[in-house]
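Numbering (mature numbering (1 follows the signal peptide of the UniProt record, and there is no 0)), first residue to last: -28 to -1, 1 to 320.
C-beta atoms are modelled at their ideal positions from N, C-alpha and C, and glycine is treated no differently.
Note that the structure is predicted; figures quoted are calculated from it, not measured.
Notes to accompany the following structure.
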Amino acid sequence: MRRRSTKLVGALGVAALSLSTFFAPASADPPHNPGGPCLQENQNVSLASVANYADVVRELGRIERSSQGAVEVHSAGQSGEGRQLLYATVGHGPETFWLQARIHGNELHSTEAALQILDRLASGSPAAKAVREGLTVVVVPMYNPDGAEANIRQSTTPNRIDLNRDWENFAQPESVAFWKVWRSTAPTYALDMHHMSQAPVVLGTDDLNQFQIGGRSIAPSRMTDRQWLTNRQMTMASVEALEGYGVANVAHYPLIDITNAVLSRMLMGETAPPGETPLPQSATPTQGAIFYEVRSVGQKSNGQLENLFRIPAMAVLTAAADGSLAEQDVSGYDALPFARSGPCGQTG
Ligand SMILES: [Zn+2]
């Protein structure tokens, strides 16, 4: 019989954890291309350096234990396969900031970036302290642990669906669980971290586009004026933070209008899981919700990928905490370039 460890997850309710799922075979031998832009069909991809579910459990526990009470780890519930849906809270400020990663299981490095940001926010630095005083930050490092372990975009069971298209139907337990956390923590701001799977270039140039900014997952006409302004302010605070980081070559994400995405429904309200009461848009707490898409360039560049998530995210957190976000100039928003995707390695 498999022996259960009671030390894996610190203050978590360990009784509910199924350790047999920590080391599912899928994590060792990914059946799918993890989404890098230049991987060849038969290329051998090692995921040894990518944070898996067991790493998330261990790292959250370590950060919580060493945080001297600043970080609390919770479970929102269980995934379709029975993994804990873990999130951490750090800070005690009056406004809540939601930071989520890896809703698409095969978008690898956002989890590591989220854990790094949490670690940084838990530290004794003056910058971390300022964020903790201004904000309560909710960090979801692996929204889709089943998809992450299987190295696929979607959930696995009971439905194999895109969890970022499920905040209208709530067909998956992950969606129901995290909607309830959103409802109870009432975040003013939300930031969702993704990987691009293609190799775009900035339109009109040959510059490899490493970072796309998603200032809108829905048409601005679906947002209140304040939400649309806050989204652009979060966008420009992110872009300005990356200006000193030359490799980014920032571009807009394509202008999508997807009402069943997580961020979209945080802004719009009006949907809820069965048995819960939807909030009208006039009562939704969320006033700004944007996403990042970082280009996947392979495991040799992990540090760079994580920087591309962490640098702008820390800038937005800092600006939200000290109030300067509300003064952020957005006049450069419309002038940001778009990107053009092509076959891998081709820029023409
Ligand atoms: Zn994604």
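Using the three-state DSSP reduction, which class does residue i fall into: helix, strand or coil?
i: V215; result: The amino acid at residue 215 is misidentified as Val; the sequence shows Glu. Looking at E215 - three-state DSSP - the assignment turns out to be coil, as it is neither helix nor strand.
i: P9; result: Here P9 scores only 42 on pLDDT, less than 50, and its place in the model is too uncertain to base an answer on.
i: L180; result: strand
i: T202; result: helix
i: L239; result: helix
i: V22; result: coil
i: P172; result: strand
i: A188; result: In the sequence as displayed, the identity of residue 188 is Arg instead of Ala. It is coil, neither helix nor strand.
i: N78; result: coil
i: A143; result: coil
i: P246; result: coil
i: R137; result: helix
i: A102; result: helix
i: R132; result: coil
i: M208; result: helix
i: A149; result: helix
i: A307; result: coil
i: S97; result: coil
i: R155; result: helix
i: Q300; result: coil
i: S127; result: coil
i: D197; result: helix
i: V234; result: helix
Cβ of residue i less than 7 Å from any chain B Cβ?
i: L163; result: No chain B is present in this structure, which holds just one protein chain.
What does residue i pair with, by DSSP beta-bridge criteria?
i: Y161; result: F69, G260
i: E44; result: T61
i: H167; result: V266
i: S313; result: P172
i: Q50; result: Q56
Tell me where the alpha helix (DSSP H) around residue i begins and ends.
i: S38; result: 25 to 38
i: A255; result: Where A255 is concerned, there is no enclosing alpha helix (DSSP H), given that its DSSP letter is neither H nor E.
i: S82; result: 82 to 93
i: E121; result: 117 to 122
i: M286; result: 274 to 294
Over the uninterrupted beta strand (DSSP E) stretch that includes residue i, give me the two end residues.
i: V222; result: 222 to 224
i: Q56; result: 56 to 62
i: L107; result: 107 to 112
Flag this pair as yes or no: are the beta carbons of residue i and residue j separated by less than 7 Å?
i: P252; j: A244; result: no
i: A223; j: A311; result: yes
i: A48; j: V211; result: no
i: P113; j: T83; result: yes
i: N78; j: N123; result: yes
i: L90; j: V22; result: no
i: G63; j: L107; result: yes
i: Y225; j: G176; result: no
i: T128; j: D138; result: no
i: Y115; j: Q72; result: yes
i: S174; j: P309; result: A quick correction: the sequence has Val, not Ser, at residue 174. Closer than 7 Å, so yes.
i: T68; j: T160; result: yes
i: V148; j: A94; result: no
i: H167; j: V266; result: yes
i: A233; j: S189; result: yes
i: G41; j: E105; result: no
i: F281; j: A85; result: yes
i: T258; j: M240; result: no
i: R55; j: A120; result: no
Since residue i and residue j should fall inside the 8 Å C-beta cutoff, what is the C-beta to C-beta distance between them, to a whole number of angstroms?
i: Y59; j: V110; result: 6 Å
i: Q88; j: E278; result: 6 Å
i: Q300; j: A209; result: 5 Å
i: E140; j: T231; result: 7 Å
i: D134; j: L235; result: Contact flag wrong, Cβ pair sits at about 14 Å.
i: A191; j: A261; result: Contact doesn't hold; Cβ gap of about 14 Å is too wide.
i: T290; j: V103; result: 6 Å
i: P172; j: S313; result: 4 Å
i: V246; j: F142; result: A quick correction: the sequence has Pro, not Val, at residue 246. Contact holds; Cβ gap of about 7 Å.
i: L227; j: F183; result: The Cβ separation is near 17 Å, so there is no contact.
i: L297; j: Q199; result: Their Cβ separation, rounded to whole angstroms, is 13 Å, which puts L297 and Q199 out of contact at 8 Å.
i: L57; j: E146; result: 6 Å
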